[in-house]
Structures are given as C-alpha cells and as structure tokens.
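2 protein chains.
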Amino acid sequence: MRDRRAERREATKAEILDAAWELVRAEGLATLSLRDLARKVGMQAPSLYSYFESKHAIYDAMFLQGNLELLRRYEALPEFDDPVDEFRSNARLFVGFTVEDPARAQLMFMRSIPGFEPSAETYGVAVRIVERGRERFKKLGVTKPEHFDLWTGIVSGLAFQQIANEPDTERWTRLADEAVDMFLGHINTKRGRAK
Amino acid sequence: MRDRRAERREATKAEILDAAWELVRAEGLATLSLRDLARKVGMQAPSLYSYFESKHAIYDAMFLQGNLELLRRYEALPEFDDPVDEFRSNARLFVGFTVEDPARAQLMFMRSIPGFEPSAETYGVAVRIVERGRERFKKLGVTKPEHFDLWTGIVSGLAFQQIANEPDTERWTRLADEAVDMFLGHINTKRGRAK
DNA sequence: GTCTATATCCAGATAGAC
DNA sequence: GTCTATCTGGATATAGAC
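Right under this line is the structure:
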C-alpha cells in the first residue's frame with residue numbers, strides 16, 4: 001500500500017529544494033539562508049528542520065540532484081556513427097550544463113562553501129560520472145589516463161572561463177567544437193607517431 | 001622630506017594585508033573575518049577601520065596585490081629564442097601561480113564572494129594583464145582572438161581542475177607542456193591549411 | 001509538522017572616550 | 001590611532017506548546 005504520508009513528505013522536500021535552487025540562481029550560492037528559503041516555501045525557518053537536519057544537508061541534497069541530472073544527461077546521449085560527434089556532444093553537454101546554471105556548477109565543481117563536504121553516498125554519484133566518462137573514452141580509443149585529464153581540463157576550462165568572466169555571452173562556449181578538434185588532432189598525432 | 005607618518009601607515013596596511021593572506025590561505029577566502037584579522041595583527045576589530053574603510057576594501061586591496069604580483073611575474077619572464085619556450089613558460093607561470101595559492105586564485109579569477117566587485121582602478125590591472133597577454137601572443141603569431149581565448153580556457157582549466165579536485169598532487173599541472181604542444185599543433189595546422 | 005520564542009553566536013560597522 | 005562599548009542585523013539551530 002502506498003504510504004501517502006511519506007509521499008507528501010518527499011514532495012515537500014522536493015519543493016524546498018526547488019525553492020533553494022531558485023534562490024541560489026538568483027542570489028548566489030553562498031548567500032542562501034534558511035530564513036529566505038523558509039519564507040519562499042511559506043514556512044518559518046525552524047520548520048525546515050523537519051525535512052533536513054542542517055543547512056549542509058540541503059546543500060548535500062542539491063549536490064546530489066545536480067550530479068544525478070548530469071549523469072542522466074550523459075546516459076541520454078544518443079549513439080553516433082562518427083566518434084567525433086560523440087566527443088563533440090560530450091563537450092557541449094558539459095559546457096551547456098555548466099553555463100545554464102553557474103551556481104549549480106559552483107556547488108558541484110568548485111569548493112566554495114566553507115565547511116561543506118558532500119556525504120559519501122552523494123559523492124559516489126560524482127565519482128560514477130567521472131568513471132563513466134573514462135570508460136567511454138577508453139572505448140573510443142582514448143586509453144591514456146592523462147588524455148582524459150587533459151580533456152576534462154580543456155572542457156571545464158572553457159566552461160569556467162565563460163561563467164567567471166562573461167556569463168551572458170558565448171565567447172568561450174562557442175569554442176567547444178574547435179577545442180574538440182584540437183584535442184583529437186593531438187591524440188591522433190601522438191598515436192600516429194607511436195606506430 | 002620623508003613623511004614618516006605616512007610610511008608607518010602604509011607599513012601597517014601592508015602588515016594587515018599579509019595577515020589577511022595568511023588567514024585566507026589557512027581558513028579559506030570566504031571565512032575571513034575582521035575580528036580574526038584584527039587579533040592576528042594585535043588590534044581590536046574597529047581599529048582596522050583606520051586603515052580600510054570596509055571589509056570589501058580589504059578584499060579589493062588583496063585583489064590588487066594579487067594582480068600586481070601576476071603582472072610582475074609576466075613581465076619578469078625572460079626572452080626565449082624558441083617561441084615554444086615562451087608559450088610553455090607562460091602556461092607554467094599561470095598554472096603555478098594558481099596552484100601555489102588557491103585562495104588567491106579564487107579571489108582573482110572566480111566570483112565567489114557575495115557582493116564583492118573590484119574597484120575600477122584595481123580591475124584595470126587585471127585588464128592590463130589580459131591585454132598584455134593578447135599582444136604578446138599576436139607578436140608570436142597567434143592573431144585570432146578566438147585562439148587567445150582558447151588558450152586561456154586550456155591553461156586555466158588545468159589549473160582550476162587541479163585546485164578543485166586534487167590540490168596536493170600534480171595530476172593536471174604536469175600536463176601543461178603537453179597542452180601547449182596540443183595548442184600549438186592546432187593553430188599551426190590551421191595556419192598550414194589556410195595557406 | 002508547524003509554530004513562537006529563544007538560545008547562541010557571529011558578523012560588519014559606528015560612537016565616543018582617551 | 002586605538003580602545004571599549006555598543007548597535008544592528010544576520011545566521012544556524014533548539015525547546016516546547018499546539
């Protein structure tokens with residue numbers, strides 16, 4: 001039998017998290033306060049403690065949501081005949097994900113909230129995303145771990161430059177395809193020479 | 001005639017800023033408080049207002065110091081016979097600067113302090129650094145502005161991945177030289193094709 | 001589960017004596 | 001220029017009534 005009470009509770013938790021996302025998008029990640037958050041969902045601040053045991057627990061749940069969403073998008077990527085298309089869509093996916101919500105990226109990819117560390121369970125999802133990427137790249141012929149790190153450096157670099165310097169333009173994000181060509185040209189050259 | 005009083009005052013300001021750097025390096029950029037800072041230099045918190053008109057003014061002075069230091073290092077780079085060496089030393093310089101003091105990089109390159117915007121004068125130094133880099137690259141044959149942006153994306157990407165994920169290793173920083181080769185290979189290929 | 005009331009603590013900033 | 005004292009306001013979190 002359905003547990004209607006538990007369902008209601010989960011719905012409220014989701015509602016709180018939705019409101020939290022709205023606030024951090026509008027006011028910045030570090031500015032989130034329980035007062036504002038409670039008011040936004042029509043509660044008093046202490047009532048939030050019925051749903052989350054601390055403010056960090058809220059950040060943790062947001063961190064988890066963000067990573068689940070990113071994982072979902074990676075897994076939803078279609079199959080491509082040309083591997084180049086997979087690299088490109090991969091890069092575009094990450095850059096787009098970062099730029100569409102800089103506050104979320106700040107939470108997920110930078111260490112900017114004093115004292116906040118994701119819980120082990122939550123962090124596990126982030127690890128799975130990286131593992132998945134690494135394996136996918138192996139299948140596409142990128143076997144050296146250094147090359148995968150180089151890739152993450154390039155792609156995140158474009159994304160972070162964009163949100164840090166010109167969040168409203170596409171100055172760096174539009175370079176994603178060219179960066180992919182550059183990366184593939186590089187590892188293919190090295191492969192060619194090695195043979 | 002020397003203004004001994006002004007000199008003393010500047011020395012004290014410098015002492016306060018040194019203490020502030022120590023605190024942010026140890027406790028994190030966002031955690032800096034005027035109480036702690038004052039105690040560290042043997043004052044009470046209100047006394048700091050004799051030297052800086054607000055906490056943001058302290059961040060601003062730090063932002064300026066960081067940028068002046070970075071500019072100084074760029075200008076101190078030796079001349080190289082081989083342009084490749086200049087690109088490499090350039091990349092190593094930025095990556096090293098970022099990794100040696102992540103809190104400083106956070107202040108200078110990310111927007112992580114709520115409400116803090118550098119003053120116009122201070123921001124000007126940051127702009128000069130970028131302008132200088134762009135001009136230098138032009139002289140080295142990197143004429144397309146997109147390629148300069150691609151460069152900053154790559155180099156900062158390696159540096160930021162390093163400090164965000166494994167501040168105590170060299171997993172990404174050691175890839176700097178390879179990234180330079182990749183970048184140069186790419187723009188040379190494009191040049192070759194264009195001819 | 002939600003509220004009011006409150007505890008506790010901390011922050012940045014100001015007033016005014018010395 | 002530095003201090004004490006204080007203002008003002010914010011935060012997270014808890015106790016206990018309903």
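First to last, the protein sequences are chains D and L.
Note that the numbering used here gives residue 57 to position 57 of the first sequence, counting from 1, and the numbers run on in steps of one.
Note that the numbering used here gives residue 107 to position 107 of the second sequence, counting from 1, and the numbers run on in steps of one.
Think of the CB as a built atom: it goes at the ideal place given N, C-alpha and C, for glycine as much as any other residue.
Note that the structure is predicted; figures quoted are calculated from it, not measured.
Can you grab the Cα-Cα spacing for the pair residue i / residue j, in whole Å?
{"i": "D:Pro-145", "j": "L:Trp-172", "result": "11 Å"}
{"i": "L:Met-12", "j": "L:Phe-148", "result": "Before going on, a small fix: residue 12 of chain L reads as Thr here, not Met. If you take the alpha carbons of L:Thr-12 and L:Phe-148, they lie about 40 Å apart."}
{"i": "L:Thr-98", "j": "L:His-56", "result": "22 Å"}
{"i": "D:Lys-195", "j": "L:Gly-185", "result": "Residue placement at D:Lys-195 is poorly supported in this model, since its pLDDT is 39, which falls under 50; the coordinates still yield a value, given next. Cα to Cα, the separation comes out at about 19 Å."}
{"i": "D:Asn-67", "j": "D:Phe-160", "result": "17 Å"}
{"i": "L:Met-43", "j": "L:Glu-10", "result": "16 Å"}
{"i": "D:Val-95", "j": "D:Leu-158", "result": "7 Å"}
{"i": "D:Met-110", "j": "D:Leu-77", "result": "25 Å"}
{"i": "D:Asp-181", "j": "L:Asp-18", "result": "45 Å"}
{"i": "L:Ala-179", "j": "L:Ala-26", "result": "31 Å"}
{"i": "L:Asn-188", "j": "D:Arg-191", "result": "19 Å"}
{"i": "D:Ala-120", "j": "L:Glu-15", "result": "41 Å"}
{"i": "D:Arg-35", "j": "D:Ser-54", "result": "13 Å"}
{"i": "L:Arg-197", "j": "L:Ile-129", "result": "Beyond the ends of chain L as shown, which are 1 and 195, falls residue 197 of chain L; an answer cannot be given."}
{"i": "D:Leu-23", "j": "D:Glu-100", "result": "15 Å"}
{"i": "D:Arg-8", "j": "D:Val-41", "result": "15 Å"}
{"i": "L:Asp-82", "j": "L:Leu-150", "result": "21 Å"}
{"i": "D:Leu-107", "j": "D:Thr-122", "result": "13 Å"}
{"i": "D:Val-84", "j": "D:Asp-177", "result": "10 Å"}
{"i": "L:Gln-65", "j": "D:Pro-102", "result": "27 Å"}
{"i": "D:Arg-104", "j": "L:Ser-112", "result": "13 Å"}
{"i": "D:Ala-20", "j": "D:Leu-37", "result": "6 Å"}
{"i": "L:Glu-203", "j": "L:Glu-79", "result": "Past the edges of chain L, shown from 1 to 195, lies residue 203 of chain L, and the structure says nothing about it."}
{"i": "L:Arg-4", "j": "L:Ile-163", "result": "42 Å"}
{"i": "D:Pro-46", "j": "L:Arg-2", "result": "60 Å"}
{"i": "L:Tyr-49", "j": "D:Arg-73", "result": "50 Å"}
{"i": "L:Thr-143", "j": "D:Thr-143", "result": "34 Å"}
{"i": "L:Gly-124", "j": "D:Gly-124", "result": "42 Å"}
If you follow the alpha helix (DSSP H) that residue i is in, where does it begin and where does it stop?
{"i": "L:Lys-144", "result": "Per DSSP, L:Lys-144 belongs to no alpha helix (DSSP H) and is neither H nor E."}
{"i": "D:Leu-68", "result": "55-75"}
{"i": "L:Met-108", "result": "102-109"}
{"i": "D:Leu-34", "result": "34-40"}
{"i": "D:Leu-29", "result": "Element bounds for D:Leu-29: n/a, residue is neither H nor E."}
{"i": "D:Tyr-51", "result": "From DSSP, D:Tyr-51 is part of no alpha helix (DSSP H); its letter is neither H nor E."}
{"i": "D:Phe-137", "result": "120-139"}
Sort the options by Cα distance to residue i and report the nearest one.
{"i": "D:Phe-183", "options": "D:Met-43, D:Arg-2, D:Leu-64 and D:Val-155", "result": "D:Val-155"}
{"i": "L:Glu-75", "options": "L:Leu-158, L:Met-1 and L:Glu-135", "result": "L:Glu-135"}
{"i": "L:Arg-263", "options": "L:Glu-121, L:Leu-71, L:Ile-187 and L:Glu-79", "result": "This structure does not reach residue 263 of chain L, given that chain L is present from 1 up to 195, and the question cannot be answered."}
{"i": "L:Leu-175", "options": "D:Thr-152, D:Ala-45 and D:Glu-100", "result": "D:Thr-152"}
{"i": "L:Glu-69", "options": "L:Arg-4, L:Ala-126, L:Met-1 and L:Ala-6", "result": "L:Ala-126"}
{"i": "D:Tyr-51", "options": "D:Ala-6, D:Gln-65, D:Leu-64 and D:Asp-82", "result": "D:Ala-6"}
Three or more beta-carbon pairs under 8 Å between the region 83-90 of chain L and the region 26-38 of chain L, yes or no? Segments in contact, no.
Taking 8 Å as the threshold, find out whether the region 156-173 of chain D comes into contact with the region 129-144 of chain D through three or more Cβ pairs. Touching, no, given that fewer than three Cβ pairs across the two stretches are closer than 8 Å.
Between the region 45-60 of chain L and the region 111-124 of chain L, are three or more C-beta pairs nearer than 8 Å? Short answer: they touch.
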